[in-house]
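Have a look at the structure below, then the notes.
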């Protein structure tokens, strides 16, 4: 796969609010047609960065290049970006049709062409026939769709989405996630999504930038981000991760001694960031551990412990296990299979593990 | 059994109802006595005639005929309309930028201080403020003094006091806070992200103001227009004190009819005409504004 031409290039972007350093040297390239997410806890600067790209915030230093042009001093109305606001910002005095047509005033289209374009845009977001509806008569999901149609009708180079799904209930959110992905593939426009919901970012994005305190901690595709977080913090933020104490040995091939699990050979790719030989923290995802039942084939690598907590989810059960010789509990997620009992607190259990699933952190 | 229960329920409902009626009775009686009854009396009087010292209670349209045929009454009515429309236009046009500034450019924690400052003129009585304008606009007052001193005019301006102009200036000043506050409230209610959305969709600041801010502020502007227009048309203190003969308004004539000419029926007729005029003009303004900001409604 050849790397597509970047539509956005962020070059060492800094933003100060008085003394507060909100963006600390953001550098990234976002490709044409990419679904890119800015993920992080609140206050990490992700929304500031999005608003800086849209032109609502001036940056203190650095450059935002959009389609090869430096956006410094370019007002939001002259940037090839459009935004879907967190509140959707539907104009309450205009109906659906007028909202969607708002940006077409200077398009030079005839009235007939405008009506047709609005109709198509509404059709695209699944609101065909809603043109005459008053703004206040729309549900949350419908407002979201109007906001999307209103932005996409202008055929921006980049569509910016500021936590667009946070105001919707869980069911609606899942529906809209899938629809947004489909829509993005259909129109081929670069989407930049701001979210604090790691699941949403994993589901929707081609690439994700995880941000903490105004810096990008890791920029990767969802799978790498989940499998190989570069730091404990990223690992903890994306999904759930167990951390066990360990000792890393570099003499005679790489190996790690994990408290409660035992010794395993690893390769270099499993070492995150600055981990050196000596005391380390070893991370592993709950689904990479598996509780062994009597009829399971004997596993080469297994460890024993006691069930400390059971959380039953219907399709899954989460067990917190205290492995013999480990200081902390590990969480194990198991699919509930017919004929397998759910273990009880206090029961002894055997878990199998795979050295390839380990990530070593400093 | 069921019968008995529904009967009980009915009784409880009736009790609730009578409780409600008892609660609204005092203000209702108050409104009836002090608003509806005088209004009815005025309308009734307007169809009677003054017969020297006594009132002739035969129903007649004579007063209305006289009012419509006498050029003096018509002139006073149309002048009152002109003056109060001018006051309304000036007050609202000047109030809008003030309200806009406080709403959009004053830090949130300072807004209540600003509103407080805007209401300061109310600390002195209306009468005193009118007298002060008499001093300010006088032939040898500070306005003329400054203009002459700057060499902009050679003679002090005589027309700025005791004229329709001075009435407009004085009333516009008196009603400014009444116009600022409703406009401010409607501007405050506008979601700020709507402005960003307007900019994001390709419009300049000016166009966002015209296409988003102004239509959304229209309810407040309309409220300001009505709040200023309705009372100013009936104002009689200001024209009396600063109006001269040129700035006399219909309310002054109504007062003259009731008091000095001892012709209550004619005064009542003029009152009814003034009220109808206010009512009609206000309705027209409401309808026009509603038509202009109808966009959000379903077609």
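Chains as they are written, first to last, in the numbering used here: chain A, 999 to 1360; chain B, 8 to 306. Ideal placement from N, C-alpha and C gives every residue a C-beta, glycine not left out.
Same chain, Cβ closer than 6 Å to residue 1145 of chain A, neighbours up to 5 away in sequence not counted | Position 147 of the first chain, counting from 1, holds the residue named residue 1145 of chain A. 1082 and 1086, listed in sequence order.
By Cβ distance below 6 Å, which residues in the same chain neighbour residue 1204 of chain A in space, the five residues on each side in sequence not counted?
-> Start at 1 with the first residue of the first chain, and residue 1204 of chain A comes out as number 206. So the list reads 1032 and 1033, once near-sequence residues are dropped.
If you draw a straight line from the alpha carbon of residue 239 of chain B to that of residue 94 of chain B, how long is it in whole angstroms?
-> The sequence position of residue 239 of chain B within the second chain is 232, counting from 1. The sequence position of residue 94 of chain B within the second chain is 87, counting from 1. Cα to Cα, the separation comes out at about 8 Å.
Below-8 Å beta-carbon distance, residue 1148 of chain A vs any chain B residue | Against the first chain, residue 1148 of chain A aligns to sequence position 150. Residue 1148 of chain A counts as touching chain B.
Cβ-heavy atom distance, residue 104 of chain B to the ligand GDP, below 7 Å = The ligand GDP is absent from the structure shown, which contains no ligand whatsoever.
Step through the CB atoms of chain B and report whether any lies within less than 8 Å of the CB of residue 1089 of chain A.
-> Taking the first chain and counting its residues from 1, the one referred to as residue 1089 of chain A is at position 91. It does; some Cβ of chain B falls within 8 Å.
So, using beta-carbon positions, are residue 1306 of chain A and residue 1318 of chain A closer together than 8 Å?
-> Looking up residue 1306 of chain A in the first chain gives position 308. Looking up residue 1318 of chain A in the first chain gives position 320. The answer is yes: Cβ separation under 8 Å.
Hey, residue 1112 of chain A and residue 1132 of chain A are a contact pair by Cβ (cut 8 Å); roughly how many whole angstroms apart?
-> Working through the first chain from its first residue, we reach residue 1112 of chain A at position 114. Working through the first chain from its first residue, we reach residue 1132 of chain A at position 134. That belief does not hold up - the Cβ atoms of residue 1112 of chain A and residue 1132 of chain A are roughly 20 Å apart, past 8 Å.
Distance between beta carbons of residue 1328 of chain A and residue 1242 of chain A, contact taken as under 8 Å | Numbered from 1 along the first chain, position 244 holds the residue referred to as residue 1242 of chain A. Numbered from 1 along the first chain, position 330 holds the residue referred to as residue 1328 of chain A. Yes, they are in contact, since the Cβ atoms of residue 1242 of chain A and residue 1328 of chain A sit about 7 Å apart, within 8 Å.
Residue 1003 of chain A (DSSP reduced to helix, strand or coil) = Looking up residue 1003 of chain A in the first chain gives position 5. Looking at residue 1003 of chain A - three-state DSSP - the assignment turns out to be coil, as it is neither helix nor strand.
Along chain A, which residues have their Cβ under 7 Å away from the Cβ of residue 192 of chain B?
-> Mapped onto the second chain, residue 192 of chain B falls at position 185. Going along chain A, no residue has its Cβ under 7 Å from residue 192 of chain B, so there is no contact; the nearest lies around 16 Å.
Would you call the region 232 to 252 of chain B and the region 1113 to 1125 of chain A in contact, with 3 or more CB pairs under 8 Å?
-> no
Counting along the chain, where does the alpha helix (DSSP H) carrying residue 1347 of chain A start and finish?
-> Along the first chain, read from residue 1 onward, the residue named residue 1347 of chain A stands at position 349. Counting along the chain, residue 1347 of chain A falls outside any alpha helix (DSSP H), though it belongs to the beta strand (DSSP E) covering 1346 to 1350.
In terms of residue numbering, what span does the alpha helix (DSSP H) encompassing residue 144 of chain B cover?
-> Working through the second chain from its first residue, we reach residue 144 of chain B at position 137. Where residue 144 of chain B is concerned, there is no enclosing alpha helix (DSSP H), given that its DSSP letter is neither H nor E.
Excluding sequence positions up to five away, which residues of its chain have a Cβ less than 8 Å from the Cβ of residue 145 of chain B?
-> Here residue 145 of chain B refers to the residue found at position 138 of the second chain. The residues are 151 and 168.
Which value, in whole angstroms, describes the spacing of the CA atoms of residue 128 of chain B and residue 1055 of chain A?
-> Translated into positions along the second chain, residue 128 of chain B becomes position 121. Translated into positions along the first chain, residue 1055 of chain A becomes position 57. Residue 128 of chain B and residue 1055 of chain A: Cα-Cα distance of roughly 40 Å.
The region 193 to 226 of chain B: positions lying closer than 7 Å to chain A by Cβ = 198, 200, 201, 203, 204, 206, 207, 208, 209, 210, 211, 219, 222 and 223
Alpha-carbon spacing of residue 305 of chain B relative to residue 1093 of chain A, whole angstroms | Looking up residue 305 of chain B in the second chain gives position 298. Looking up residue 1093 of chain A in the first chain gives position 95. Residue placement at residue 305 of chain B is flagged as unreliable, the pLDDT there being 41, under the threshold of 50; the coordinate-derived value follows with that caveat. Near 7 Å, if we compare the C-alpha coordinates of residue 1093 of chain A and residue 305 of chain B.
Can you give the beta carbon distance from residue 273 of chain B to residue 70 of chain B, rounded, assuming they're within the 8 Å contact cut?
-> In the second chain, residue 273 of chain B corresponds to position 266, counting from 1. In the second chain, residue 70 of chain B corresponds to position 63, counting from 1. Yes, they are in contact, since the Cβ atoms of residue 273 of chain B and residue 70 of chain B sit about 5 Å apart, within 8 Å.
Is residue 1284 of chain A near residue 1316 of chain A, with beta carbons less than 8 Å apart?
-> As a working note, residue 1284 of chain A is residue 286 in the first chain. As a working note, residue 1316 of chain A is residue 318 in the first chain. Yes, the pair counts as a contact, with Cβ atoms nearer than the cut-off.
Chain-ordered residues of the region 1036 to 1053 of chain A with a beta carbon less than 7 Å from chain B | 1052
Neighbourhood of residue 1223 of chain A by C-beta, 8 Å cutoff - its chain only, sequence neighbours within 5 removed = Here residue 1223 of chain A is taken as the residue at index 225 of the first chain, counted from 1. Once the five neighbours on either side are set aside, the close Cβ partners of residue 1223 of chain A are 1200, 1206, 1208, 1216, 1232 and 1236.
Reduced DSSP secondary structure (H/G/I, E/B, other) of residue 290 of chain B | Reading the second chain from its first residue, position 283 is the one you call residue 290 of chain B. In this structure, residue 290 of chain B counts as helix in the three-state DSSP scheme.
For residue 1030 of chain A, the three-state DSSP class (helix, strand or coil) = Reading the first chain from its first residue, position 32 is the one you call residue 1030 of chain A. The answer is coil: DSSP assigns residue 1030 of chain A none of H, G, I, E or B.
Under 7 Å Cβ to Cβ from residue 241 of chain B, same chain only, skipping five residues before and after it: list those, please.
-> For the purposes of this step, residue 241 of chain B is taken as residue 234 along the second chain, with counting starting at 1. Correct list, in chain order: 258 and 281.
How is the beta strand (DSSP E) around residue 1283 of chain A delimited, first residue to last?
-> The residue labelled residue 1283 of chain A in the question sits at position 285 within the first chain. From DSSP, residue 1283 of chain A is part of no beta strand (DSSP E); its letter is neither H nor E.
Cα-Cα separation, residue 1003 of chain A to residue 1030 of chain A = Numbered from 1 along the first chain, position 5 holds the residue referred to as residue 1003 of chain A. Numbered from 1 along the first chain, position 32 holds the residue referred to as residue 1030 of chain A. Cα-Cα distance, rounded: 6 Å.
Report the residue from A/1198, A/1152, A/1173 and A/1331 whose alpha carbon sits nearest the alpha carbon of residue 1035 of chain A.
-> Here the question's residue 1035 of chain A lines up with position 37 in the first chain. The option with the nearest alpha carbon to residue 1035 of chain A is A/1198.
Inter-residue CB distance, residue 229 of chain B and residue 296 of chain B (contact presumed, cutoff 8 Å) | Translated into positions along the second chain, residue 229 of chain B becomes position 222. Translated into positions along the second chain, residue 296 of chain B becomes position 289. Sure, about 5 Å apart at Cβ, within 8 Å.
Would you mind telling me which residues of chain B sit closer than 9 Å to residue 1075 of chain A, beta carbon to beta carbon, in chain order?
-> By 1-based counting over the first chain, the position of residue 1075 of chain A is 77. Here the neighbours are 205, 206, 207, 208, 209, 210, 211, 212, 214 and 215.
Answer yes if the region 1063 to 1072 of chain A comes into contact with the region 1136 to 1144 of chain A, meaning at least three C-beta pairs across the two stretches below 8 Å, and no otherwise.
-> no
Applying a beta-carbon distance threshold of less than 7 Å, which residues of chain B neighbour residue 1085 of chain A?
-> Taking the first residue of the first chain as 1, we reach residue 1085 of chain A at position 87. What residue 1085 of chain A touches in chain B: 198 and 200.
Cβ of residue 181 of chain B within 8 Å of Cβ of residue 136 of chain B?
-> Reading the second chain from its first residue, position 174 is the one you call residue 181 of chain B. Reading the second chain from its first residue, position 129 is the one you call residue 136 of chain B. Yes. Within cutoff.
Straight-line CA distance for residue 1228 of chain A to residue 1061 of chain A?
-> As a working mapping, residue 1228 of chain A is identified with position 230 in the first chain. As a working mapping, residue 1061 of chain A is identified with position 63 in the first chain. The alpha-carbon atoms of residue 1228 of chain A and residue 1061 of chain A are separated by roughly 26 Å.
Residue 1100 of chain A touches chain B at which residues, Cβ-Cβ below 7 Å?
-> Here residue 1100 of chain A refers to the residue found at position 102 when the first chain is read from its first residue. Those are 208, listed as they occur along chain B.
Own chain residues within Cβ distance below 8 Å of residue 1263 of chain A, not counting five before or after | Position 265 of the first chain, counted from the first residue, corresponds to residue 1263 of chain A. Only 1251, 1252, 1253 and 1353 meet the Cβ criterion.
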